[in-house]
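What follows is one structure encoded as structure tokens, with my remarks underneath.
Chains as they are written, first to last, in the numbering used here: chain A, 5 to 419; chain B, 5 to 419; chain C, 5 to 419; chain D, 5 to 419.
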């Protein structure tokens, strides 16, 4: 009866719940670089991480969206993502790194090397390498009827024409049940595995923002299966949020992390909103499953977006964020440029108590929430110390059993 | 720091997770009697249960809606619930059994005895006694400014005027934070405890069918607290559904069972729909928490509704229903009139394998669902036998690994 | 075949399209007094109108909500409308003026005179008298099963228990097809006619803010019919908005004015929003039908609401509002306390050009709207002068064919 | 000040309200042929119309969707519209008739003649010629960056990547404010004018079925302007419905007809639903503006859809439909294959009374509607005869003032 267990674990050579025993920690290029990051910048952040954050538990270096676009951000006034562009693509409809941004992706004879050289560089630092991808198949491949590698199918046979991603113009979705669909996903995952990718952040897949927000269910299963069958331990991270709680059971079978919020930025209201989201997801944390509160917008942000600035979070808000992320055990992905972090920010990211709670925590639990005071607890299973965090999410100072807590601030104590 | 744990267990004399170690099993008057059941009929069903179903695990005898309405169903052509009626109520705004329907509720000198005599009768059979209540406080009490027992408050001070329940006209909701609100809920729960009530099905509370379907959150907490502080082990069952999965964590703190569907009837489409609902709730079953698939519409139904008929479920569908309810570990509440069950129906309700799975099951898990074949598994933790149920929810016969399964039918096997 | 024309005009003694040949102009107590206005205050405003605004076309003096509530506003911290109060009501379930606020409503022997004495006073000034009512029948009358005048029916037989008005707790809706429903509406309208009422602002009827916002369709027809059959020319004004444009044809058959917006206040965003609403309704103006942009929040406001203040509209915004209302031909109901108007405000309300356009205008037409500049035209049919109003609804000064227009300002020219 | 009147009439050489003084009458290929109609079939229907229906007022012969698709319907099992196909297109991104289906569209030397020869044929019969188009610009043109005729712009510069039409995969929408957008619309309309097109049914434009259903407002204005400036009197018909009543004023400025329903078929429930739609639109009929109840599904239908059948409408329902369409003054577009009409159908389409009412009617008015009996009236302004149509839309015979009316039937009388 084994064949019926097709949604379950165990039929391949790797098991997703072995990839991420603790919440993934790392850096992601998006919050500072938007679509513009290049090889030199990635390396600089990797170097910084190896030196300053690796010991604290940070390990993933992730290149975010449109690394295949040579002209990315060249018309930022009109578009974040220029539509109908001629992006870097191979003969099987698979995006490749843009050589002008990632010179190591082209060999001395012009041969495509993908991200392998950059991945090697990062691995040599003792770190792991991740990339962002968009769900589906490039529109260009579809209109040109490109072949799917190793098959007799062509791109137009597996793509569907509508709906399309509302915010990025690069892809068409794939009909998961069409012949050739799995083969296409395997063709890209196998290529990423060859490149040495350890982490994939797949976008436009967790909540696709239309009538049927979890309409990508079939593609999620294909991606998971392609990873399992690739034999490489690649963490699968799904975006954007908010993920649907009614699909928690399905997400837990197929991915390692999923965004429980839409894009988070350095704005108090978005941070405050996260308390509600963590409340909903509190019983779904652990064992390879990590509801994801999104990147930490600390330090310098938004150079690529054309509005470079220092994070608007106050020190109290920053601590509130890091404390919540750690006690809830969200993945920790730093969004700001690492080399520009100040000493306070760096010290927080190296905090042993909070990082320990994140890495070795048990089941997070919200004990109380009256809209002003919010209390969470968790235990460091290694030290056996239980912690209680009391947050003041109101606009006024609160007196909590004699302890005064500033607005937007928090207090962490041992229980 | 103990006072902050006001949502958590432990501050009273009883703990809700001790009340219902296994999914509650019993009979409910609604599916056959609607609003009309009387004392004699309740006793007849209790007698039947004691003789034929008690050994199989059934124990709760539950009187459903409007036991306080002397004229219930007297204008069934226009109303299921006649609005603005003069119902039986005491001086503290608490509904009482209608004496014309429940003669034992009035003593020899006209004194009110409530359901105590009927409860005694049922307890003497070795069974347990339950009642249905509506969330809130009677509108009549509110407009008459009745006092809340043991307080200086009056009913109009704790009620809110809108929204009102869209389907039943008897009550106003209670503002949970108003002084007097907890006291009112304690005044009714304490009375029910004195009556010997073991099970409360509270209606218009789990999904209140408006802009804010979980707007009764505060009243759920008051009810739970009133039960805890009553010192009596009263199972709390919340209706109607569908319950909101994002509130699972809150339901698990405050109640024992909650409906995951709107009213279920003897209709295949509603039964089929339950597979989707069980899928969503599969990780939330056990330990005093029982997502509730609603009553089993077996046997004779709907006399009180004016359309008495034999259940429209075929034998295959009936088996499908009972198998799903048992492997998922839903509460099992028989809806049809017990004394009119036929031998096949009775035999199914006495099935030792299925009842054993329901009573001693572990974590239910859906293994597969392609919209035609659905597969669930669970283990009887007492016998250690694991079962797999394969359901055909399509309209055509399905060949499942050589086994032919009729439409709407299922096969249960040991794994 | 005449009997089939039951929705159409002509079966009674008065025709609604004769009541309001031009957009009604007057004063309404709500914006300043909320629920608190009393007889003395009404008279003072009427006196002021007779002296300063009558010549400009103003004539209606309208008492707004809860004139039947003796304790209105006595718990303003918790409620705008105190629920479950004992309001002034006669034996037929009809609200009466609260004697403590309207002393003339009680005769020397305690007999109820209603608003007749106050109405006489206003008529003697050459003005007209109006009142606000809530759709439906008092909840108190329903729970007490009060008789409907001149019939064998009781209030509970015509009321429905849900939904209820979400913002005011005084009434239940009436099932328009129940025997007794028309009779109840006739019983109140005939009473108002005896009182000398010339204008009824019926609330909770135009958009009832629920799943079926025009669910009061039947009650609108009953109200219209009751007015027609009363033989008195009573203008019927429906609130709140926004009215549904798909019901324009029905509103045009049954009422004289209907709110095309929710409550308007002295806030630019609400005023700006009105341009979009007027755009939608532009072809539905005239001949007894007056889409209503709501009261003019000029002068002193909100004393009754507990936040008395001078209107926040700047002189430019005030002129923009009055110009739009006049060129669109909205009813003109002054919201601020008349006796506290300053000279500029008064001068604007007396403006002959704008008032002439409002009173004698033709078909309003929006000529242009690019989100910054909006242009409307209309003609004074008496003088034959055509006007063009150019509004700047943006936040920046706009150069319009060489004319500079400040933000939130407008220019009116002859075409 | 003339330049501000950019939405208004008069700035071009033709005025839309002169194109269609009466509701357009004709035949459309869709209901029988779906995407498959060819030149021979069009001519056969034109011949039939000239001989049998021209005298009754019918004049337009309209070729519906995908006349540019050589392989249309070749994969009907999977797609109504095959996505990502290579359709017939010229060097400026303008679709051309598929030569295999419309041989006359290619000259002796392979030069493209478009529909000019077919249009000539139809004009020679004394009839008029129409085509269907999709809003926007072909996706193929966009991905290939094709030039816009007479400009330096390319297709990718005016298209937007999302949202896309949910039901047809051929086009991208055009950003109306982009330079080149008007030029593209002019380039196609001018080509159609050269072809001799008298009627354009533009699809995916009236209600685009997404978050912003009237999001094509700007493209509607461009289309209208392109027609005005083309100098040819081309009727503009907008699909699909339901049109938004709040945009009636805008539709009336820019188009001649707009669908007030989604696709209508030979199903009673859809026909019944039309009464509600006509009720809403009753005040918007006349003077070049024709709310459109959709095609008449009479006779043989759906050959191209793969389910050829005789219309399911009963004779009573067919008469009900034609009577409603005529008294309401909807455009009359026959959907079935003309050459296969039977004598009764043909006789109805030639009915002088009903056609006279449609062609020379005044303002339609619904007099009554209780959900069972619906009554409409209109006058033939030529004969001065007023008609009253009484429809029974219930499932039971109705006695209307002594006249018995069958279910789904109607009675037309002179008033």
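Beta carbons are placed, not taken as given, at the ideal position from N, Cα and C, and that holds for glycine.
If you check each beta-carbon in the region 71-96 of chain A against every beta-carbon of chain D, the ones closer than 7 Å belong to 87 and 88. For a cut-off of 8 Å, the C-beta gap from residue 159 of chain C to residue 97 of chain C is around 5 Å, short enough to register as a contact. Around residue 287 of chain C, the beta-carbon contacts reaching into chain D at under 9 Å are 252, 253, 256, 287 and 288. With respect to residue 323 of chain C, residue 352 of chain C sits close: the two C-beta atoms are nearer than 9 Å. Among the CB atoms of chain A, one or more fall inside 9 Å of the CB of residue 164 of chain D. The secondary-structure analysis by DSSP pairs residue 370 of chain C across a beta bridge with C:380. Pairwise C-beta distances place the region 101-114 of chain D out of contact with the region 24-37 of chain D, as fewer than three of them are shorter than 8 Å.
Take the alpha-carbon of residue 238 of chain C and the one of residue 407 of chain D: they are about 38 Å apart.
For residue 185 of chain A, the closest Cβ of chain D is not nearer than 9 Å. The three-state reading of DSSP puts residue 182 of chain C in coil, since its state is none of H, G, I, E or B. When secondary structure is reduced to three states using DSSP, residue 234 of chain C falls in the helix class. A residue is called buried once 16 or more other Cβ atoms fall within 10 Å of its Cβ, and residue 17 of chain A, having fewer, is exposed.
Following the DSSP letters along the chain, one finds residue 134 of chain C inside the beta strand (DSSP E) bounded by residues 132-138. Those residues of the region 264-286 of chain D placed with their C-beta closer than 8 Å to a C-beta in chain C are 283, 284 and 286, ordered along the chain. For residue 269 of chain B, the secondary structure class from DSSP, reduced to helix, strand or coil, is coil.
In the same chain as residue 365 of chain B, and ignoring 5 residues on each side of it, the C-beta atoms closer than 6 Å to its own belong to 333 and 382, in chain order. In chain order, 279, 283 and 379 place their CB closer than 8 Å to the CB of residue 373 of chain B, counting only its own chain and leaving out the 5 sequence neighbours on each side. The secondary-structure analysis by DSSP pairs residue 393 of chain A across a beta bridge with A:380 and A:416. Within 10 angstroms of the beta-carbon of residue 25 of chain D lie fewer than 16 other beta-carbons, which makes it exposed. The Cβ atoms of residue 34 of chain A and residue 341 of chain A do not sit closer than 9 Å to each other.
Beta bridge pairing from DSSP links residue 402 of chain C with C:409. With respect to chain D, the C-beta atom of residue 170 of chain A has a partner C-beta closer than 9 Å.
At least one CB of chain C lies nearer than 9 Å to the CB of residue 144 of chain B.
Shown here for residue 371 of chain C: same chain residues with a beta carbon closer than 8 Å to its own, the five before and five after excluded, namely 379, 380, 381 and 392 in chain order. C-alpha of residue 76 of chain D to C-alpha of residue 329 of chain A: approximately 55 Å in a straight line. Between residue 230 of chain A and the set A:344, A:81 and A:180, the nearest pair of CA atoms involves A:180. Beta bridge pairing from DSSP links residue 175 of chain C with C:142.
Burial state of residue 78 of chain A is exposed, judged by a 10 Å Cβ sphere holding fewer than 16 other Cβ atoms. When CB distances to chain D are screened at a threshold of 7 Å, not a single residue of the region 316-348 of chain C falls below it. Under the 10 Å beta carbon count, residue 48 of chain A is surrounded by fewer than 16 other beta carbons and is classified as exposed.
Non-local C-beta neighbours of residue 127 of chain C in its own chain, meaning closer than 7 Å and more than five positions away in sequence, comprise 133 and 200, ordered along the chain.
One Cα belongs to residue 299 of chain C, the other to residue 68 of chain C, and the distance between them is close to 12 Å.
Below 8 Å, too few C-beta pairs join the region 81-90 of chain D and the region 116-124 of chain D to call them touching: fewer than three. A residue is called buried when at least 16 other Cβ atoms come within 10 angstroms of its Cβ; residue 419 of chain B does not meet this threshold and is exposed. Listed along the chain, the chain D residues whose CB falls inside 9 Å of the CB of residue 167 of chain A are 166, 167, 168, 170 and 214.
It is roughly 21 Å from the alpha-carbon of residue 264 of chain B to the alpha-carbon of residue 216 of chain A.
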